[in-house]
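Q:
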Amino acid sequence: MKMYLNNIFADPERVQKLMDIAISSLRPLLEGTILYTIPLTLLSFLFGIILAVLTALARLSPSKLLQIIARVYVSAIRGTPLLVQLFILFFGLPTIGIIIDPFPAAIVGFSLNVGAYASEIIRAAILSIPKGQWEAAHTIGMNYSQTLKRIILPQAARVSIPPLSNTFISLVKDTSLASVILVTEMFRRAQQIASANYEFLLVYIEAALIYWVVCFILSIIQDRIEQRLDRYVAKR
Amino acid sequence: MISIKNLHKSFGDLEVLKGVDLEIDKGEVVVVIGPSGSGKTTLLRCLNLLEMPTSGSILLNGHLADFSKKVQKKDIDTFKRETGMVFQHYNLFPHKTALENVMEGPVIVKNIPKEKARKKAVNLLEKVGLGDKLDFYPFQLSGGQQQRVGIARALAMEPQVMLFDEPTSALDPELVGEVLQVMKDLANEGMTMVVVTHEMRFAQEAGNEVIFMDGGKIVERNKPSELFTNPKEERTRQFLNLLT
């Protein structure tokens, strides 16, 4: 390790070469981030949250059948590795004639994953809203879906922002797994660049830094959303 | 206005109402008192079907609910529409302002245009003395103010009967008066009211009838002046003695 560092700085030409590689690889890496990593994250999160709300409601519904479907889904997704799920979708399904392109396959995989994990967060958030809120809404004549949409979910959203942000940030990083099903997202670009110039350390550190910056920006956005949703709560 | 016949309610093995019969006329203010666990809150919650009675029947403003059969959803909606409820812990919607709390029912349930609903909500909030707090969130209001918003929210649906479930029990003593005043005004306007409370003064000043409940049954019913000064039943006397 020490030798390697010494070598770099002892040789100005090599330093220059590394700088050039860092700069020239920035463009394809950012391209991969903007064209694939971010859309993949946003779309998967959007579909995942919709799935999660439906799953949470199924778990909370009086119907035993819906409860069982929701339980099996959550159990199956949480009990199997994401990598294996992606392999089944992309390499497995074609053998029975279902061929999905890499990008949509990744969206399906990540959405299913987010849906399962986030459903438990949303279920807990809904349960945390006092029963009196349901009752108050019912006494002014609101039905189940009106109460849910206008009274319960807006309050549950506030409770669930911090844990959902965790899910979101994990998702950003999990999208690197899409590289193995040939989505040319940022980390796949990094692999391609590094295998061409053999500067593995440099390129992978660069990739790591980009993930870090994206997640850092996300956590700032999370703070903003929390502040906005906290406007109706007494300051502590 | 309300006619309750042989009403029973059980939670599992626990029988909370053991056959309640009660007639309430239009414009009457009925105050329900009794020790905790006597079933008074449950009786109130059965009146708007927040709790589904186990058996018996309720006739409310011409609508009959017979609990020996399964009650239709349509009838449940009717009962909710005919009654307004005020809760011990206010149960305001914390993410909505005072004005939005009061507008919610008219706009969402009755589909009244926003502008019209807003005017009416402002009127109601002025009526309960909160014309200057329209855009305040519940957490910015005192308990007494929150409860008055709760009353305005219930009134916005123009109910035929107002149900009050210990509306002042969660309030600091100095805030009780402002809520009771709003309730007295309402009583003077001729609103039919059923009030579960421990406020004996309110019962005496605004109540037409007082009902003493114990053990899931109505023990005694009389004019406030009679019941408080000259209770007929031993259990009523014991309860009243505990209060003074």
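In the order they appear, the protein sequences are chains H and F. Residues in the first sequence are numbered from 1 upward in steps of one, following this note's numbering. Residues in the second sequence are numbered from 237 upward in steps of one, following this note's numbering. Even glycine gets a Cβ: it sits at the ideal position worked out from N, Cα and C. A quick note: this is a predicted structure, and the numbers were derived from the prediction, not measured.
(1) I need the DSSP call for Val267/F, collapsed to helix, strand or coil.
(2) Using a Cβ-Cβ distance cut-off of 9 angstroms, determine whether Val233/H contacts chain F.
(3) If contacts are defined as beta-carbon pairs under 8 angstroms, then Ile107/H and Ser44/H qualify, I think. What distance do you get, rounded to the angstrom?
(4) Check this for me: beta carbons of Tyr326/F and Gln382/F, under 9 angstroms apart or not?
(5) For Ser61/H, does the three-state DSSP call read helix, strand or coil?
(6) If you draw a straight line from the C-alpha of Ala406/F to the C-alpha of Asn477/F, how long is it?
(7) Which whole-angstrom value is the C-beta distance of Val415/F and Ala388/F, which I expect to be below 8 angstroms?
(8) Using only CA atoms, which one of Asn143/H, Ile225/H and Ile181/H lies nearest to Leu93/H?
(9) I'd like to know whether the C-beta of Gln238/H is nearer than 9 angstroms to at least one C-beta of chain F.
(10) Just reading off the beta strand (DSSP E) that Arg457/F is part of, what are its end residues?
(11) Below 8 angstroms on the Cβ atoms is my contact criterion, and I expect His299/F with Thr314/F to pass it. Report the Cβ-Cβ distance as a whole number of Å.
(12) Name the two residues that bound the continuous alpha helix (DSSP H) containing Ala124/H.
(13) Could you tell me which whole beta strand (DSSP E) segments of length 3 or greater appear in the stretch 370-410 of chain F?
(14) If I measure Cβ to Cβ from Ala52/H and keep anything under 6 angstroms in the same chain, skipping five residues before and after, which residues do I get?
(15) For Ala208/H, which of helix, strand or coil comes out of DSSP?
(16) Going by alpha carbons, who is nearest to Glu410/F out of Gln440/F, Gln324/F, Gly379/F and Leu253/F?
(17) What residue from Gly32/H, Asn113/H, Ile69/H and Lys149/H has the CA that sits closest to Ile126/H's CA?
(18) Taking C-beta pairs closer than 7 angstroms, name the residues in chain H that His325/F reaches, listed in chain order.
(19) Any beta carbon from chain F within less than 9 angstroms of Pro62/H's own beta carbon?
(20) If we define contact as Cβ-Cβ less than 9 angstroms, is Arg150/H a contact residue for chain F?
(21) Go ahead and label Phe216/H buried or exposed: buried means 16 or more other beta carbons lie within 10 angstroms of its beta carbon, across all protein chains shown.
(22) Leaving out the 5 sequence neighbours to the left and right, which residues in its chain are closer than 6 angstroms to Ile193/H when beta-carbon positions are compared?
(23) Where do the ends of the beta strand (DSSP E) carrying Ile294/F lie?
(24) Can you list, in chain order, the residues of its chain with a C-beta nearer than 8 angstroms to that of Ser179/H? Leave out the 5 residues immediately preceding and following it.
(25) When you compare each of Asp11/H, Gln227/H and Leu177/H to Phe103/H by their alpha carbons, which one comes out closest?
(26) Output the distance between the C-alpha atoms of Thr333/F and Ile68/H, rounded to the nearest integer angstrom.
(27) Check each candidate in Leu391/F, Gly341/F, Thr404/F and Met398/F and name the one with the smallest Cα separation from Met436/F.
(28) Can you find a CB in chain F that lies within less than 9 angstroms of the CB of Pro162/H?
(29) Within the same chain, show all residues whose beta-carbon is closer than 6 angstroms to that of Leu66/H, passing over the 5 residues directly before and after it, in chain order.
(30) Looking at Ile140/H: is its Cβ nearer than 9 angstroms to the Cβ of Ala392/F?
(31) Which same chain residues end up closer than 6 angstroms to Phe323/F when comparing Cβ atoms and leaving out the 5 residues on each side of it in sequence?
(32) Out of curiosity, what's the CA-to-CA distance linking Leu40/H and Thr167/H?
(33) Contact criterion: CB-CB distance below 9 angstroms. Does Arg389/F meet it with respect to chain H?
(34) Let me check understanding here. Comparing Cα to Cα, which of Ala56/H, Gln146/H, Ser111/H and Gln155/H lies closest to Val172/H?
(35) Please state whether DSSP places Asp450/F in a helix, a strand or coil.
(36) Going along the chain, which unbroken runs of the alpha helix (DSSP H) with 4 or more residues stay wholly within the stretch 19-86 of chain H?
A: A quick look at the data gives this:
(1) strand
(2) yes
(3) Right, the Cβ-Cβ distance comes to about 6 angstroms (below 8 angstroms), so this counts as a contact.
(4) Yes, the Cβ-Cβ distance between Tyr326/F and Gln382/F is below 9 angstroms.
(5) coil
(6) 23 angstroms
(7) About 12 angstroms; that fails the 8 angstroms criterion.
(8) Ile181/H
(9) In the structure as shown, chain H starts at 1 and stops at 236, and residue 238/H therefore has no counterpart that could be examined.
(10) Lys453 to Asn458
(11) Going by Cβ atoms, the distance from His299/F to Thr314/F rounds to 5 angstroms, so yes, they are a contact pair.
(12) Element bounds for Ala124/H: Pro102 to Ser128.
(13) Fully enclosed beta strand (DSSP E) runs of no fewer than 3 residues occupy 397-401 of the stretch 370-410 of chain F, in order along the chain.
(14) Gly115, Ala118, Ser119 and Ile122
(15) helix
(16) Gly379/F
(17) Checking every option, the nearest Cα to that of Ile126/H belongs to Lys149/H.
(18) Within 7 angstroms Cβ-Cβ: Gly132.
(19) no
(20) Arg150/H counts as touching chain F.
(21) exposed
(22) Ser25 and Val203
(23) Unbroken beta strand (DSSP E) run through Ile294/F: Ser291 to Leu296.
(24) Glu185, Phe187, Arg188 and Gln191
(25) When each option's Cα is compared against that of Phe103/H, the closest is Leu177/H.
(26) Looking at the two C-alpha atoms, the distance is approximately 39 angstroms.
(27) Thr404/F
(28) no
(29) Ala58
(30) yes
(31) Taken in chain order, the residues that qualify are Asp401.
(32) C-alpha separation (whole angstroms): 14 angstroms.
(33) yes
(34) For the set Ala56/H, Gln146/H, Ser111/H and Gln155/H, the Cα lying nearest the Cα of Val172/H is the one of Ser111/H.
(35) strand
(36) 38-60 and 64-78
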